[in-house]
Amino acid sequence: MSGVCGGAAHRRFSPRSVRPPAARRWGVARRWRITAKACFSFPSPVVEGPDVYQVSAPELTEENLGRAAEEAIAAFAACTNLQELAGARKAHLGDEAVIPQARQAIGQMPKDQRKDAGRLVNMARGKVEKAFAATKVELEEKRNAEVLVEERVDVTVPVGRRRKGALHPITSLSETIADIFVGMGWEIADGPEVEAEYFNFDSLNFLPDHPARTLQDTFHIAPAGSKQVLRTHTSPVQMRTMLSREVPIYIACPGRVFRTDELDATHTPVFHQVEGLAVDRNLTMANLKGTLDHLARTLFGPDTTTRMRTNYFPFTEPSAEVDVWFPNKKGGAGWIEWGGCGMVNPNVLTAAGIDPEVYNGFAFGMGLERTLQFMNGLSDMRDMVEGDIRFTEPFGIQA
Numbered sequence: 060m061s062g063v064c065g066g067a068a069h070r071r072f073s074p075r076s077v078r079p080p081a082a083r084r085w086g087v088a089r090r091w092r093i094t095a096k097a098c099f100s101f102p103s104p105v106v107e108g109p110d111v112y113q114v115s116a117p118e119l120t121e122e123n124l125g126r127a128a129e130e131a132i133a134a135f136a137a138c139t140n141l142q143e144l145a146g147a148r149k150a151h152l153g154d155e156a157v158i159p160q161a162r163q164a165i166g167q168m169p170k171d172q173r174k175d176a177g178r179l180v181n182m183a184r185g186k187v188e189k190a191f192a193a194t195k196v197e198l199e200e201k202r203n204a205e206v207l208v209e210e211r212v213d214v215t216v217p218v219g220r221r222r223k224g225a226l227h228p229i230t231s232l233s234e235t236i237a238d239i240f241v242g243m244g245w246e247i248a249d250g251p252e253v254e255a256e257y258f259n260f261d262s263l264n265f266l267p268d269h270p271a272r273t274l275q276d277t278f279h280i281a282p283a284g285s286k287q288v289l290r291t292h293t294s295p296v297q298m299r300t301m302l303s304r305e306v307p308i309y310i311a312c313p314g315r316v317f318r319t320d321e322l323d324a325t326h327t328p329v330f331h332q333v334e335g336l337a338v339d340r341n342l343t344m345a346n347l348k349g350t351l352d353h354l355a356r357t358l359f360g361p362d363t364t365t366r367m368r369t370n371y372f373p374f375t376e377p378s379a380e381v382d383v384w385f386p387n388k389k390g391g392a393g394w395i396e397w398g399g400c401g402m403v404n405p406n407v408l409t410a411a412g413i414d415p416e417v418y419n420g421f422a423f424g425m426g427l428e429r430t431l432q433f434m435n436g437l438s439d440m441r442d443m444v445e446g447d448i449r450f451t452e453p454f455g456i457q458a
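Positions in the sequence shown are counted from 1; adding 59 to them yields this note's numbering.
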């Protein structure tokens, strides 16, 4: 390379093996000039063969770079949309454009001249990129305004199709069970979800040291000592009804309850129950069994069979678990636990102001999520609470 103004040096190149330096692509017979006193030139390659050419480096001056920047800025300003702007950017900031070519040529300059050359190139490139960014913002705002006009929705125009809604399957099941009991002449009762400990535990014959009262099983309402909890069952509704109504009483109590269970395939900290209470003269376990059989056969089919196994609950005596026979159960036919039941404990009747020597009663309760699993062959209770459309679509809920 010759390093002084006006100097010339020639080097032979193979047309196929060596690409001419970046300065060649600037044009023929032009020179770079940093200042009036500091000049440089690139080698002028001579290629022998059918295509013989000689290239001198163009002038790198503030004037030339300024002219290239002005041309780019004018081209950006003339664009009317983002597509045109993208084309203009490629033409003026792409690899083959003037300013990027000048930047590549700096690497072939003498070291003492690169700093000044780089400053000039960066100034020009900065102006061009700033103009491009400003024009892009303007054109994007213009496009967005056009989209708002072109794609506006007239909310007063009647739609051709309305998505069909449906109740959540738990809500639907709760209403189905309520209809069954109303058909039997029973009434539907409900109560508060934030409940006094007295109604949730004391009045139902739970002793002060019963494990269900602990933080491991029950959500207690702050502050400590408030004597309020999130109800762990719908049984408080039964006590409130017995305190406010005259016997005979026949009620079903569907509702949401809360326990400190981890969410998994068979448990959830928030779930739904339906409980039933009958208080009258001369009721027996046979009345209880007949009521549960009618409920099970209405829900699961006319051939459904139930059985009772002895168990313990503080609010009933005697107490039992209710199982349902499922011939098509996964893993083979068998019994599946459905809920608990029993005759109302005399202590509970006494707490409600009902004479247990004159009246007696029976009560039962089961989880709606568990019942829905039986009815539809669901294996994971989490599907009911996660809102996945793949679960809700078969029940009529659309996205």
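Note that CB positions come from ideal geometry on N, CA and C, so glycine has one too.
Item to check | Where Ala88 falls: helix, strand or coil (DSSP) | outcome: Only weak support exists for where Ala88 lies, its pLDDT of 33 falling under 50; the value from the coordinates is given anyway. Three-state result, Ala88: coil.
Checklist entry - According to DSSP, what are the bridge partners of Arg315? => result His331
Next on the checklist: Measuring CB atoms only, is the stretch 332–339 touching the stretch 411–429, in the sense that at least three cross pairs come out at less than 8 Å?
Outcome noted: yes
Item to check | Cβ separation of Ile280 and Leu427, assumed to be a contact under 8 Å, to the nearest whole Å | outcome: Their Cβ separation, rounded to whole angstroms, is 24 Å, which puts Ile280 and Leu427 out of contact at 8 Å.
Checklist entry - Is it right to say Gly399 is buried, meaning 16 or more other beta carbons lie within 10 angstroms of its own, or is it exposed? => result buried
Checklist entry - Would Pro377 pass as a contact of Thr369 if the rule is Cβ separation under 8 Å? => result Taking 8 Å as the cut-off, the Cβ atoms of Pro377 and Thr369 count as close.
Item to check | CA-to-CA distance, Ala410 to Leu302, given in whole angstroms | outcome: Spanning the alpha carbons of Leu302 and Ala410 requires a straight line of approximately 9 Å.
Checklist entry - Which partner residues does Met367 have in the DSSP bridge list? => result Val381
Item to check | Pro453, buried or exposed, once every other Cβ within 10 Å from all chains shown has been counted against 16 | outcome: exposed
Item to check | Nearest candidate by alpha-carbon position, reference Lys201, set Gly146, Thr215, Cys138 | outcome: The shortest C-alpha to C-alpha distance from Lys201 to any of Gly146, Thr215, Cys138 is the one to Cys138.
Checklist entry - Can the beta-carbon of Asn259 be found less than 8 Å from the beta-carbon of Pro295? => result yes
Checklist entry - Is the distance from the Cβ of Thr293 to the Cβ of Val316 below 8 Å? => result Yes; because the gap between Cβ atoms is below 8 Å, this pair is in contact.
Checklist entry - Ends of the beta strand (DSSP E) at Met425? => result From DSSP, the beta strand (DSSP E) with Met425 extends over 419–426.
Checklist entry - Assuming Phe450 and Phe385 make a contact with CB atoms under 8 Å, what is their CB distance in whole Å? => result With a Cβ gap of about 21 Å, Phe450 and Phe385 do not count as contacting.
Item to check | Residue span of the beta strand (DSSP E) that contains Leu289, given as start and end | outcome: 287–289
Next on the checklist: If you measure between the beta carbons of Met440 and Thr325, is that distance less than 8 Å?
Outcome noted: yes
Checklist entry - What are the residues that DSSP puts in a beta bridge with Glu246? => result Ile310
Item to check | Simplified DSSP state of Asp175, which is helix, strand or coil | outcome: For Asp175, the three-state secondary structure derived from DSSP is helix.
Next on the checklist: If you reduce the DSSP assignment to three classes, tell me which class Asp339 lands in.
Outcome noted: In the structure shown, Asp339 sits in a strand (DSSP, three-state: E or B).
Item to check | Whole alpha helix (DSSP H) elements within the stretch 132–197, 4-residue minimum | outcome: 141–152, 157–164
Item to check | Whole-angstrom distance between Val196 and Ala131, CA atom to CA atom | outcome: Per the coordinates, the alpha-carbon of Ala131 lies some 17 Å from the alpha-carbon of Val196.
Checklist entry - Counting along the chain, where does the beta strand (DSSP E) carrying Met402 start and finish? => result 393–403
Item to check | Any 3 or more C-beta pairs closer than 8 Å across the stretch 202–217 and the stretch 146–159 | outcome: no
Checklist entry - Is Thr235 helix, strand or coil when you go by DSSP? => result If DSSP states are grouped into helix, strand and coil, Thr235 belongs with the helices.
Checklist entry - What whole-angstrom Cβ distance do Leu232 and Leu431 have, given they're in contact under 8 Å? => result Going by Cβ atoms, the distance from Leu232 to Leu431 rounds to 5 Å, so yes, they are a contact pair.
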